Amino acid sequence: MSDLLSAFLHLLLLFKLVAPVTFRHHRYDDLVRTLYKVHNQCPYVTRIYSIGRSVKGRHLYVLEFSDYPGIHEALEPEVKYVGNMHGDEVLGRELLLQLSEFLCEEFRNQNQRITRLIQETRIHILPSMNPDGYEAAANQGPKVPGHLVGRNNANEVDLNRNFPDLNTYFYYNEKHGGPNHHLPLPDNWESQVEPETEAVIRWMRSFNFVLSANLHGGAVVANYPYDKSPGHRFRNAHSTTNSPTPDDKLFQKLAKVYSYAHGWMHQGWNCGDYFPDGITNGASWYSLSKGMQDFNYLHTNCFEITLELSCNKFPRQEELQREWLGNREALIQFLEQVHHGIKGMVLDENHHNLTGAVISVSGINHDVTAGEQGDYFRLLLPGTYTVTATAPGFDPLTENVIVHPGKPTLVNFYLKRSITQVNPAKKAPGGGQGSRVKAQPRITKKKDGARKQPHRGPA
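In case it helps, mature numbering (1 follows the signal peptide of the UniProt record, and there is no 0) puts the sequence shown at residues -20 to -1, 1 to 439.
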């Protein structure tokens, strides 16, 4: 009897410590309190940091989940979720807060799937990119019929039309030759974008993100790049044209993973629209210039899709639980997609990291680069590939690689210094503030089920 009583008291204590999921809308102060509540409940696997401020001075807070918060571990991929880019599209904001609570609670409950995800992935959650717009929309309230205010930021700028236009450069390079990745930013780009956009761009450049999703509302569909068509300036506003990336099949697969794990997105008929499999190429829906998902693909190593999650941009509070249940599994499955394709280290003969080494896949006109520790990540569908690693001053090395479903294939490259050319390797993303690295690069992967001791240093 004493054992039963002890077990009951343990469960009672557990439920007291882990706050129940609350299905309600969160104003800015509530959002901040929720993030810190999650951090206080899971202090050894979370960290809160700000990437900047909005026009009105509100922090753009990110909640990080990792077994070593604040540290990039070699060969461990980084993934991000961004919500509430349009202030009146609020469901993504609430879903990301629910996801944060869920990850913490399930980690505390020793859920093996969630524990493994946190141990093998560094997850960054930005619930609100546009907190000023949200407050304007929330002041008007969800019950007001018609168009809500707050889509734009406080300067009345649409943040998803505010990123530097790199598509034009890529389309030119595709025809005439030139880089197919990490396209440079225009001069004085900071003066051409809003504070929220600048903060997110600097964030992207500080971490070597591999996978991302941007959560929106107003439709129910998984949208993948390109958003902008090559003839964007000259076409009729109502015409559409498919504008695939070199990784089109991979993007379709990523979109389908979310759509089919979602409660009803995959059915196609939603909000008066029909999208086969619940997915669409962005430009095939409508052409959009200076959007965030195209920018991710063309300027960084990150593959981002846009998730339109609700017909009603500001759903009533009583609808939030249904929406969470419809999206929960999809949100987890999408995070798990970062563990596909190939990954590895690019090192010289003395095992020094070759930061910025370029990884090319034959037949796919889009390269990625190695990060600060010399580790790289290349999402790929199952199949056989010819992969080449190059770095200035070193002879290129080519490997034939088989990618299987499930876990990524580990492919390390050891480059020999070229006798005819000695040049320093260029700097790669992932070395900015807030992205500390461990002293020793790890070549081997963590074994399944192997559990590291939680980091108990300051968060």
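Positions of the beta carbon are idealized from the N, C-alpha and C atoms, including for glycine. Being a predicted model, the structure only gives us computed values, none of them experimental.
If you draw a straight line from the Cα of residue 221 to the Cα of residue 292, it comes to about 27 Å.
If you check the CB distance, residue 51 and residue 40 do not come in under 8 Å. Sixteen is the threshold: when 16 or more other Cβ atoms of the shown chains lie within 10 Å of the Cβ of residue 304, as they do, the residue is buried. For residue 9, the enclosing alpha helix (DSSP H) starts and ends at 8 to 21. Restricting attention to beta strand (DSSP E) runs no shorter than 3 residues, the segment 96 to 175 encloses them at 102 to 106, ordered along the chain. Taking a C-beta distance under 8 Å as the contact criterion, residue 192 and residue 284 qualify as a contact pair. DSSP places residue 35 in the coil class of the three-state scheme, outside both helix and strand.
Apart from sequence neighbours up to five positions away, the residues of its chain that approach residue 161 with a beta-carbon distance below 7 Å are 346, 347 and 348, ordered along the chain. Excluding residues up to 5 positions away in sequence, 35 and 174 lie with their Cβ nearer than 8 Å to the Cβ of residue 135 in the same chain. Taking C-beta atoms as the reference points, residue 74 and residue 8 fail to come closer than 8 Å.
The Cβ atoms of residue 5 and residue 58 do not sit closer than 8 Å to each other.
For residue 371, no beta strand (DSSP E) encloses it, and the DSSP letter there is neither H nor E. The residue from 400, 332, 317 and 335 with its alpha-carbon nearest to that of residue 362 is 317.
Following the DSSP letters along the chain, one finds residue 262 inside the alpha helix (DSSP H) bounded by residues 262 to 265. About 4 Å separates the Cβ atoms of residue 146 and residue 278, confirming a contact at the 8 Å cut-off.
When secondary structure is reduced to three states using DSSP, residue 249 falls in the strand class. Judged by DSSP in its simplified three-state form, residue 345 adopts strand.
In the three-state reduction of the DSSP assignment, residue 63 falls in the strand class, which pools E and B. DSSP places residue 196 in the uninterrupted beta strand (DSSP E) bounded by 189 to 196. If you check the CB distance, residue 352 and residue 397 do not come in under 8 Å.
When Cβ pairs closer than 8 Å are counted between the two stretches, the segment 193 to 206 is seen to touch the segment 256 to 271, the count reaching three or more.
Assignment of residue 320 by DSSP, reduced to helix, strand and coil, places it in the coil class. DSSP lists no bridge partner for residue 220. Within the DSSP bridge table, the entry for residue 315 names no partner.
Exclusion of the five residues before and after residue 62 leaves 106, 109 and 194 as the residues of its chain whose Cβ lies within less than 6 Å of its Cβ. Contact annotation: the segment 16 to 23 touches the segment 80 to 96, with at least three C-beta pairs closer than 8 Å. For residue 54, the three-state secondary structure derived from DSSP is coil.
Within the model, the alpha-carbon separation for residue 232 versus residue 111 is close to 31 Å. Secondary structure at residue 357: strand, using DSSP grouped into helix, strand and coil. The straight-line gap separating the alpha-carbon atoms of residue 339 and residue 326 is approximately 9 Å. Distance from the CA atom of residue 130 to the CA atom of residue 118, rounded to whole angstroms, is 8 Å. For residue 379, there is no enclosing alpha helix (DSSP H); the residue is part of the beta strand (DSSP E) that begins and ends at 377 to 383. Residues of the same chain with a CB within less than 6 Å of the CB of residue 243, apart from the 5 flanking positions on each side, are 306 in chain order. In this structure, the alpha-carbon of residue 389 lies about 38 Å from that of residue 211.
For residue 70 and residue 297, the gap between their C-alpha atoms comes out near 11 Å. The secondary-structure analysis by DSSP pairs residue 363 across a beta bridge with 383.
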